[in-house]
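In order, the protein sequence lines correspond to chains A and B.
Under the working numbering, residues 1 to 350 are what the first sequence spells out, in order.
Under the working numbering, residues 1001 to 1595 are what the second sequence spells out, in order.
A virtual CB, placed ideally from N, CA and C, is assigned to each residue, including glycine.
Given the structure is predicted, the values throughout are model-derived calculations rather than measurements.
Each remark here refers to the structure printed beneath this line.
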Amino acid sequence: MTYLRPSFRHPEQPINELGFTRKDYEGALSTLCAGCGHDSISAAIVQACFELSIAPHKVAKLSGIGCSSKTPTYFLGNSHGFNSVHGRMPSVATGANLANRDLIYVGVSGDGDSASIGMGQFTHAVRRNVNMMYVVENNGCYGLTKGQDSATADVGSASKKGEPNPFEAIDLASIALQLGASFVARSFSGDREQLVPLIKAAISHRGFAFIDVISPCVTFNNNPASTKGYEYVRDHLAATGTVDYVPFKQEISTSYAEGESKAVTLHDGSVVQLRKADPELDLNSRRSALRLIKDYRAKEQILTGLLYMDEDSQDLHEIIGTSKTPLQALTEAELCPGQKVLDKLNDSLR
Amino acid sequence: MKPTDVNDPEYFHRVVDCQYACPAHTPVPEYIRLIAAQRYTDAYMVNWESNVFPGVLGRTCDRPCEPACRRGRVEEEPVAICRLKRVAADNKANIQDRLPVIPKKKNGKRIALVGAGPASLTVARDLMPLGYNIDLFDEQPAGGGFMRSQIPAFRLPESVLNEEVDTILDMGVVSHFTHYVDSLKALLEQSDYDAVFVGSGAPMGRDIDISGREAADANIHIGINWLASVAFGHVQAVGRRVLVLGGGNTAMDCCRTARRLGGEDVRVVVRSPFEEMKASPWEKEDAQQEGIPIYDNHVPKAFLVEDGKLVGMRFEKVKAVYEDAKRQLIPTGEPPVDMACDDVLVAIGQQNAFPWIERDIGLEFDQWQLPVVDKDTFQSTLPNVFFGGDAAFGPENVITAVAHGHQAAISIDLFCRGEPVTQRPPPGVTLVSQKMGIHEWSYDNQIEDDARYRVPHANLDQALSDRSLEVELGFDAETAFHEAQRCLNCDAQTVFTEKLCIECDACLDICPTSCLSFVVNDDEESALRQKLRMPANNPDQAIYVSDNLATGRAMVKDENVCLHCGLCAERCPTAAWDMQQFYYSVSKAGEEAQP
């Protein structure tokens, strides 16, 4: 088995605004099973960060435990990383974000990590609108422990050598919508044309950006009876539309008829443009998103694409009014301003 | 585009750039792996089967393989293929028991070979094991042709040449040395040869006709004749100041030889710009390292003679002007340059000459007085006379002569058996999976980052004082191993099976050089090439197109910078990708034609 990626790259490979090539955003060689959807998601993150010209040292990758949570090793090798306790990534991310609001936070979790052991953690990070991208690599099974059904496995879906799952599935996208996530999307690891612009939009969004990515487990859950295998997902895929991410400096060149297209300007000036496939979708309405998810599921279809976003959302820092300077950058003089200030504060409380 | 037919042997043959570029199509990656495994004798025999003179070629080959090497497209320099070949030759054990058995009972056919150079010797090497009787004629006292007369001993030790020539002569070739064939007519009429092969080379050096040429004749020497005289010991000294005219490899051999025969101020003077000189870059470098300056853009105008003796030469300075890809040398108008000298060596090209072939025996010559020879069969217009090497199409090199020899031998064998020479046996091709385990290959697929290793040279003072001391010392075993590890194993082919692919994109994500794409096919190749993840901008390199997959897309691979690292196959969950070793061996005399 090969443990080292060859260092040669295509001699004509593109260079981004910072002078970096895609290689500068790669990580170690994956040790996941061959064909794992997670590797495609890692590649999409690499591509998105390269295209956004993000300085690698401005990114913190956070994860819990599981196949999904191993993946931060396989992308952004020059960024910060924290591999936390099982299901506890949201707390670590919240803490890190409070300490340094200047970094870009990329949380990577799985269906076990977020929908089972870390469910309580996940919900609170959502409702606090922590400014981060939260990706769930959702394969409907516990791949690291031989493929038992997870809490996101659909009723009736059966994994390799498994019985049909008797329990109702947790839909993390619906839960995120209900709990106030300000950016919700669903995608498929085998659809990089959709996934890369979604990741770019999620990273640029201020607030909690949730992407549920269906990511087949080739080893345990890629059989005909599973609803999370490559073949089933491809056959039952529907999209809310095509997402284009247009950076701030670039002019929007294409125009679409009213009603077919929606352009959303983000806080940094970049634009997310959605060419709608379903005119029913109202990108600013949680109710519309929740209804569409249910409608499509009733048709045995998986609705992917951008489902909801609130471009004017207030993130955790704005809600609680923290210092504009990252806490970690404050000096002792600012943190301990002295007796006079303390006395003044005490007086104001009398 | 139609899906690629990988069962066509020529498709994967093209992917093995080095082998494809080699006129004899030596399976380069195969022998490089054997060298890395220290199986030098096996590596030598892979070479010997294909190019007959591994020891000679490992030192003197023009190496068309190296500019073609894929490694040169992903980093600075190609694999040192030529010098690795030498390692096999230097370290091999006795090969006697591996040589073909020469039948005691002959087949009754008699062949005459004119000239004992690489082409003729290759014909002998291929036909002797089939039971032919072979007579070999050469005007020189020993075999080897221009490998002996023109390549100086400091580049090719006599012992190396003798060994490889003798391997063939010892098969039972009846050699007639110091025997100049002065009439083809007589050879055909007086003897009962079933076929004659002409491998007499391009034996005439071009002369220069400028003022003073006649008066200075005693000190003006034609390069190839002079080198031959040195090789056979007739010339042992040269003047202190020597000018060498010409910019090819012969000029480089002349100047370096002159340095060893007493030339202290030796200069190469060439008409063209330095970059356009015909000599191989490494030969120019070697000459310069021996303190020989190269004056480019100097056109010879006159030999300067005083008291009937050569004292110098006059040159006009020019510059190259390019118009419509045509080059013109325009005088710069600067005053002429005079250079003092005692001797001049003229190495401005060589020509074929066939004064010994009568023009009335039915053998056609073209307007340039070259025989009319078929490019594939090497047959002349006289059906029983075949040509090869420089004699066929003008001056080339050793490896080309060898390639000609193999093909001519096939033709001669077919001709002698009464079969049409155009029905040629197909190449031998195998394509075998290299999978050993779930993520394990039978070849070392790890790509090493090492830069090209330099071959150590002998001490300059010692080299210049001894004409026969070999300058290049060759790689030692350890350096050879590291250099061999630079080889990308381009014969380990990526073979794709459409019906197994589940389009998980794992191969795409892992491919270090972004060679792979899943895209909707296009009618136009040029359009499809632009649709790939990295546009396939090298038109010399093929693209591998699959049939349509379940999603309606096709897998398209740009072969250009594929590292053959096998990661696509390693990350493929369904073994839709497989690494399969492609072995291509050029057909040989005696093999059966396709039914």
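Are there 16 or more other CB atoms within 10 angstroms of the CB of residue i, so buried, or fewer, so exposed?
{"i": "Ala115 (chain A)", "result": "buried"}
{"i": "Ser323 (chain A)", "result": "exposed"}
{"i": "Asn1397 (chain B)", "result": "buried"}
{"i": "Tyr1040 (chain B)", "result": "buried"}
{"i": "Glu1483 (chain B)", "result": "buried"}
{"i": "Thr1381 (chain B)", "result": "exposed"}
{"i": "Lys1557 (chain B)", "result": "buried"}
{"i": "Tyr1322 (chain B)", "result": "exposed"}
{"i": "Asp347 (chain A)", "result": "exposed"}
{"i": "Met133 (chain A)", "result": "buried"}
For a contact meaning CB atoms closer than 7 Å, what does residue i contact in chain B?
{"i": "Val218 (chain A)", "result": "Cys1504 and Pro1573"}
{"i": "Arg234 (chain A)", "result": "Thr1551"}
{"i": "Arg297 (chain A)", "result": "In chain order: nothing, as chain B lies at least about 23 Å away."}
Can you list, in chain order, the residues of its chain with a C-beta nearer than 8 Å to that of residue i? Leave out the 5 residues immediately preceding and following it.
{"i": "Leu1261 (chain B)", "result": "Val1230, Val1235, Gln1236, Ala1237, Val1238 and Arg1467"}
{"i": "Ile1224 (chain B)", "result": "Phe1146, Ser1149, Gln1150, Pro1203, Gly1205, Thr1250, Ala1347 and Gln1350"}
At the level of alpha carbons, what is the spacing between residue i and residue j?
{"i": "Leu1464 (chain B)", "j": "Arg1259 (chain B)", "result": "6 Å"}
{"i": "Pro1103 (chain B)", "j": "Pro1157 (chain B)", "result": "32 Å"}
{"i": "Thr145 (chain A)", "j": "Ser1433 (chain B)", "result": "33 Å"}
{"i": "Phe1354 (chain B)", "j": "Val1402 (chain B)", "result": "21 Å"}
{"i": "Arg1071 (chain B)", "j": "Arg9 (chain A)", "result": "12 Å"}
{"i": "Asp1008 (chain B)", "j": "Cys1061 (chain B)", "result": "30 Å"}
{"i": "Gly1263 (chain B)", "j": "Arg1240 (chain B)", "result": "4 Å"}
{"i": "Tyr142 (chain A)", "j": "Asp113 (chain A)", "result": "10 Å"}
{"i": "Met1128 (chain B)", "j": "Val1373 (chain B)", "result": "24 Å"}
{"i": "Glu1290 (chain B)", "j": "Ser1280 (chain B)", "result": "16 Å"}
{"i": "Gly1115 (chain B)", "j": "Val1174 (chain B)", "result": "13 Å"}
{"i": "Arg5 (chain A)", "j": "Met119 (chain A)", "result": "36 Å"}
{"i": "Ser288 (chain A)", "j": "Asp102 (chain A)", "result": "33 Å"}
{"i": "Met1313 (chain B)", "j": "Val1046 (chain B)", "result": "49 Å"}
{"i": "Asp39 (chain A)", "j": "Ala28 (chain A)", "result": "11 Å"}
In chain A, which residues lie with their C-beta within 8 Å of the C-beta of residue i?
{"i": "Met1534 (chain B)", "result": "His10, Glu12 and Gln13"}
{"i": "Cys1565 (chain B)", "result": "Thr2 and Pro6"}
{"i": "Glu1264 (chain B)", "result": "What Glu1264 (chain B) touches in chain A: nothing, since even the nearest Cβ is about 45 Å away."}
Can you pull the chain A neighbours of residue i, defined as C-beta to C-beta under 9 Å?
{"i": "Ser1514 (chain B)", "result": "Arg9, His10, Gln13 and Arg22"}
{"i": "His1439 (chain B)", "result": "Met1, Thr2 and Ala34"}
{"i": "Arg1073 (chain B)", "result": "Pro11"}
{"i": "Asn1537 (chain B)", "result": "Glu12"}
{"i": "Glu1570 (chain B)", "result": "Met1, Thr2 and Ala34"}
Spatial neighbours of residue i within its chain, please: CB distance less than 7 Å, with the 5 preceding and 5 following residues excluded, ordered by chain position.
{"i": "Ala1325 (chain B)", "result": "none"}
Sort the options by Cα distance to residue i and report the nearest one.
{"i": "Val213 (chain A)", "options": "A:Val136, A:Asp295, A:Ser226 and A:Gln328", "result": "A:Val136"}
{"i": "Val1311 (chain B)", "options": "B:Asp1217, B:Asp1522 and B:Asp1166", "result": "B:Asp1217"}
{"i": "His205 (chain A)", "options": "A:Tyr245, A:Gln121 and A:Gly305", "result": "A:Tyr245"}
{"i": "Thr227 (chain A)", "options": "A:Leu292, A:Gly81 and A:Lys160", "result": "A:Lys160"}
{"i": "Glu1316 (chain B)", "options": "B:Asp1547, B:Phe1582 and B:Gly1333", "result": "B:Gly1333"}
{"i": "Lys1185 (chain B)", "options": "B:Gln1140, B:Arg1359 and B:Asp1090", "result": "B:Arg1359"}
{"i": "Leu274 (chain A)", "options": "A:Ala176, A:Cys141 and A:Pro197", "result": "A:Pro197"}
{"i": "Gly1308 (chain B)", "options": "B:Ala1116, B:Cys1416 and B:Gly1212", "result": "B:Gly1212"}
{"i": "Trp1356 (chain B)", "options": "B:Ile1220, B:Met1555 and B:Val1181", "result": "B:Val1181"}
{"i": "Asn131 (chain A)", "options": "A:Lys299, A:Asn97 and A:Ser109", "result": "A:Asn97"}
{"i": "Ile1035 (chain B)", "options": "B:Asn1051, B:Ala1088 and B:Val1028", "result": "B:Ala1088"}
{"i": "Cys1065 (chain B)", "options": "B:Ile1543, B:Arg1014, B:Ala1569 and B:Arg1327", "result": "B:Arg1014"}
{"i": "Leu62 (chain A)", "options": "A:Ala202, A:Ala55 and A:Thr71", "result": "A:Thr71"}
{"i": "Thr265 (chain A)", "options": "A:Asp278, A:Pro279 and A:Asn284", "result": "A:Asn284"}
Quick one: what's got a C-beta closer than 6 Å to residue i's C-beta in the same chain, skipping five residues either side?
{"i": "Leu1567 (chain B)", "result": "Ile1510"}
{"i": "Gly1131 (chain B)", "result": "Pro1103, Lys1106 and Asn1107"}
{"i": "Lys1109 (chain B)", "result": "Tyr1132, Asp1194 and Cys1416"}
{"i": "Cys49 (chain A)", "result": "Tyr25"}
{"i": "Thr331 (chain A)", "result": "none"}
{"i": "Pro1595 (chain B)", "result": "For Pro1595 (chain B), the pLDDT reaches just 48, beneath the cut-off of 50, and the residue's location in the model is therefore unreliable, although a value from the coordinates is still provided. Counting only Cβ-Cβ distances below 6 Å, and skipping sequence neighbours, we find nothing."}
{"i": "Gly19 (chain A)", "result": "none"}
Could you work out which residues of chain A lie near residue i, taking near to mean beta carbons separated by less than 7 Å?
{"i": "Ile1447 (chain B)", "result": "Pro6 and Phe8"}
Which chain B residues sit within Cβ distance under 8 Å of residue i?
{"i": "Val230 (chain A)", "result": "Position check: residue 230 (chain A) holds Tyr in this sequence, whereas Val was assumed. The answer, in chain order, is Ile1502, Glu1503 and Cys1504."}
{"i": "Ala43 (chain A)", "result": "Asp1505, Leu1508 and Asp1509"}
{"i": "Gly37 (chain A)", "result": "Cys1504"}
Using a cut-off of 9 Å between C-beta atoms, extract the partners of residue i located in chain B.
{"i": "Ser40 (chain A)", "result": "Cys1504, Asp1505, Ala1506, Leu1508 and Asp1509"}
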